[in-house]
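This report refers to the structure that appears directly beneath it.
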Amino acid sequence: MIFILLVWMFMFLNIMLLFLIYVFMEKSLIFVLEINLWNSGLMNYNMYMYMDWMSVIFMFVVSLIVMCTFMYSEQYMKGDLNLFFFVIILTGFVLSMFLLILGLDMWFILMGWDGLGVTSYLLVAYYKSSMSYYSSMVTVITNRLGDVGLVLYCVFMLGLFGHWKFMNLLMEEKLMENLLILILLIGCFTKSAQLPFSVWLPLAMAAPTPVSALVHSSTLVTAGVYILIRFSDFMLMSSNLYKLFMYLCLITLLMASMNAAVEIDLKKIIAFSTMSQLSLMILPVLMGSSVIGFYHLLMHALYKALMFLCSGIFIHEMKNIQDIRNYGMMAKKNKLVSGVFFICSLSLMGFPYLSGFYSKDLILEFIFFLNFNIMMMLTLLMSVFFSVFYLMRLMSWLMYSENWNFKCVYETKLDMMSNSLMLCYLLILFGGSFMSWTMLDYSILFVLSYKMKIFIYLMMMMGLLMSLCLKFYINMINKYIMTMMFMVSLQGYLFNKLFNSMNFYALNSEFQLEFYLMKNVNNFFKNLYGMFTIDKFMLIYMCMMYVVWMMMFFIW
């Protein structure tokens, strides 16, 4: 019942946001709301909310995916013992994302940023298994590195400019120093799972599938990209610094695509695909075109959320099996969901006139038009090849391979879960062209030669042909592609060695106090009530930390 109430609430919010999108884009409006939180003599603090066409469109896409996720969870999470706790944490995650989108000053953004980190930890650890706890700890510690970068950015920004309102930098025509850009890029790269911080995203697939559809497709992983887009207008263009991070994006793009080509876990394949597409979003932002990166962010959020939702239905029907080698003939079992998954895969490949075609092809043409070195172009073309290859490989295992497990498919009706796919599915079919007409500036023309244009589709055809001949060269492909697997393994080894070699909670007084509170207060409430768990304590701890931060700021 609570899911139905939330679905109707977000449906009403989507209708309002559609009206706001029309108004903001038609009138070119910018809305700034000032909220006076504290005013006592010399001490006062105001928080600012900022709305323009970009923030309104992003909020609409996020709220649409949230609505579909809640509709999906009504049946997927049915009978779960901690359902109310799941709803609270997921709602807190959505509110933190809205804080991040609407924030104008860094204090407002930091509250949303830290809220995303804490709630994502609770959601990954939701199933309370050893793998879930390990994955959640790696996720939260890796993202804490990005939190430190953002906190340092706030400190330097206050010291250099005297305020935390980043839009004032644009009005005052102030540019950032290289140190500020470096700190901000490191923080955004940790949230977006780029090298060398990409190990946490495949591990985060231990979360429930509705969480993966919302958190790891359109919100948490895109938060870093969105912050980069917001700050792109007044960054000091340091060519050497930007080249370093562009090469990191290219390595992540190729590494994730090659890992997906040999992975056998269904959700991890989609996670590696998300990692590669995040690199493709960041590249045009670093090259000076934030609108193109934002356009691909929106399109990718829609079809990647649908792919996670479809994979959840497949996993539910196969009795929680995620190994794709045990799948087969799903196209005959569930034609509707298989068809949606097939269209989403085609959109991710860049098939003409689907939503992914408009954004992905535009990014490739933009990068080729800038005429970078040959290694960058070859890396992009190889990523196009591998994206087609691993998606065709995935669909062949899921839908068309013959497997005896097809007879053991769990027979059940999943009407609510299947119906939740339709809204995002319509936007995948028609949203790409519509948003390209309304968002993009067609006064900018990318002129490429016929050979350069056709070369992209040639690589797509090569990936398609090689996937069709999979049985003949599977051993050769695994032998050479597995040479890229060491990067994720190396990152995991380094993080494991770091965690095991030191007492993490004893690094400083803050961690000692946190460890003491988590150990003693949790035991006290656990003995008192019998049902109080560490997850509930983390939720209360997050709220208390927000209050403490505000009090410390006012006193300071």
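Quick note, my numbering runs 7 ahead of the 1-based positions in the sequence shown.
All C-beta atoms in this analysis are idealised placements derived from N, C-alpha and C, irrespective of residue type, glycine included.
It should be emphasised that the depicted structure is a prediction, and the values quoted were computed from it without experimental measurement.
| Check | Outcome |
| --- | --- |
| Integer Cβ distance of Thr226 from Thr149, believed to fall under 8 Å | Thr226 to Thr149, Cβ: 17 Å. No contact. |
| For Leu290, the nearest candidate out of Leu260, Phe19 and Ala268 (CA to CA) | Leu260 |
| Segment contact flag, the segment 126-142 with the segment 210-222, C-beta cutoff 8 Å, min 3 pairs | yes |
| Cβ contact (3+ pairs, closer than 8 Å) linking the segment 280-290 and the segment 187-204 | yes |
| Candidates Tyr83, Leu355 and Phe252, of which the one nearest Gly439 by Cα | Leu355 |
| Check whether Tyr57 and Leu111 have beta carbons under 7 Å apart | yes |
| First and last residue of the uninterrupted alpha helix (DSSP H) at Ala308 | Ser297 to Glu324 |
| Coarse secondary structure for Glu270, derived from DSSP in three states | coil |
| Residue of Ile22, Phe10 and Cys351 minimising C-alpha distance to Val63 | Ile22 |
| Contact check, Met466 vs Val391, beta carbons under 7 Å | yes |
| Reduced DSSP category for Leu44 - H, G, I as helix; E, B as strand; rest coil | strand |
| Closest residue to Ile190 among Phe238, Met262 and Leu12 (Cα-Cα distance) | Phe238 |
| Ile359 classed as buried or exposed, judged by whether at least 16 other C-beta atoms fall within 10 angstroms | In the sequence as displayed, the identity of residue 359 is Pro instead of Ile. It is exposed - the Cβ of Pro359 has fewer than 16 other Cβ atoms within 10 Å. |
| Limits of the alpha helix (DSSP H) - the one that Pro217 falls within | Thr216 to Leu221 |
| Residues sharing a beta bridge with Phe38, DSSP | Met58 |
| Paired residues, beta bridge with Tyr52 - DSSP | Trp45 |
| Among Leu398, Met337 and Tyr464, nearest to Leu387 - alpha-carbon criterion | Tyr464 |
| Spatial neighbours of Met389 in its chain, beta-carbon cut-off 8 Å, leaving aside the 5 residues before and after | Leu261, Ser264 and Met466 |
| Beta-carbon proximity of Met473 to Phe364, cut-off 7 Å | no |
| Whole-angstrom distance between Met337 and Ser318, CA atom to CA atom | 11 Å |
| Nearest candidate by alpha-carbon position, reference Ser136, set Pro215, Phe10 and Ile193 | Pro215 |
| Contact set for Phe531: own chain, Cβ-Cβ below 7 Å, skip 5 residues either direction | For Phe531, the predicted structure reports a pLDDT of 46, less than 50, and the residue's modelled location is therefore unreliable. The matter cannot be settled from this model. |
| First and last residue of the uninterrupted alpha helix (DSSP H) at Trp207 | Trp207 to Leu210 |
| Segment contact flag, the segment 377-387 with the segment 299-309, C-beta cutoff 8 Å, min 3 pairs | no |
| Check whether Cys431 and Leu287 have beta carbons under 7 Å apart | no |
| Buried/exposed call for Val218, threshold 16 Cβ in 10 Å | buried |
| Distance CB(Phe65)-CB(Ile108) smaller than 7 Å | yes |
| Any non-hydrogen atom of the ligand NAP closer than 6 Å to Pro291 Cβ | The ligand NAP is absent from the structure shown, which contains no ligand whatsoever. |
| Given Gly194 as reference, the closest of Ala220, Leu165 and Tyr160 once Cα atoms are compared | Tyr160 |
| Cβ-based burial, Trp114 [other Cβ within 10 Å; buried from 16] | buried |
| 8 Å contact criterion, which Phe100 and Val222 should meet: CB distance rounded | 7 Å |
| Whether Ile9 touches Val73 by CB criterion (7 Å) | no |
| DSSP three-state assignment for Asp121, whether helix, strand or coil | helix |
| Contact check, Met78 vs Ser427, beta carbons under 7 Å | yes |
| Bridge partner(s) assigned by DSSP for Asp87 | Note: Asp87 sits in no beta bridge, so no partner. |
| Opening and closing residue of the alpha helix (DSSP H) in which Trp444 lies | Met429 to Met446 |
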